[in-house]
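Residue numbers (the working numbering): 4 to 133.
Just so it is clear, CB atoms sit at the ideal spot from N, CA and C, and this is done for glycine as well.
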């Protein structure tokens, strides 16, 4: 796992009152923070835990970027709505996430950012980093 040894890559556990509630994997660069994976324990969902955690995370970082699946079925529509309620904005760049394995194909994703949309230059620069 090369990423885990990279100085810009972070894996944090999320605790509330010393109880595990989730995890967040992210890349911290000089210009932005890219959330690679954010997950809340299913038993903790529905109590605004995810919202509180992500709001606190965004308070600590100037520009946050993440990718989501295109909102085409109920879970991806809810996921996009969740991020938008927190102030994330959709960026309208045609974006295909590269495949992790040779037998897979790149797939389309939606780029979201907080607290503002990113410029095309920022988008291209961030794509060359990931």
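What's the C-alpha gap between residue i and residue j?
i, j, result
"residue 118", "residue 60", "12 Å"
"residue 46", "residue 53", "12 Å"
"residue 125", "residue 107", "27 Å"
"residue 130", "residue 29", "14 Å"
"residue 57", "residue 105", "33 Å"
"residue 73", "residue 10", "30 Å"
"residue 84", "residue 13", "26 Å"
"residue 115", "residue 16", "23 Å"
"residue 64", "residue 31", "9 Å"
"residue 48", "residue 100", "27 Å"
"residue 103", "residue 62", "31 Å"
"residue 110", "residue 127", "17 Å"
What does the Cβ neighbour count give for residue i, buried or exposed, with the cut at 16 atoms within 10 Å?
i, result
"residue 25", "buried"
"residue 75", "exposed"
"residue 22", "exposed"
"residue 18", "exposed"
"residue 86", "buried"
"residue 80", "exposed"
"residue 121", "buried"
"residue 4", "Here the model assigns residue 4 a pLDDT of 47, short of 50, so the residue's position is not dependable and the matter cannot be decided."
Would you mind giving the Cβ-Cβ distance between residue i and residue j, rounded to the nearest angstrom? I have them listed as a contact below 8 Å.
i, j, result
"residue 112", "residue 98", "5 Å"
"residue 35", "residue 69", "Rounded, the Cβ-Cβ distance is 10 Å, inconsistent with contact."
Does the segment 30-44 come within contact of the segment 91-111, defined as at least 3 CB pairs closer than 8 Å?
Fewer than three Cβ pairs drawn from the segment 30-44 and the segment 91-111 lie within less than 8 Å of each other, which leaves the two stretches out of contact.
Mind listing, in chain order, the continuous alpha helix (DSSP H) runs of no fewer than 4 residues lying wholly within the segment 5-80?
52-62
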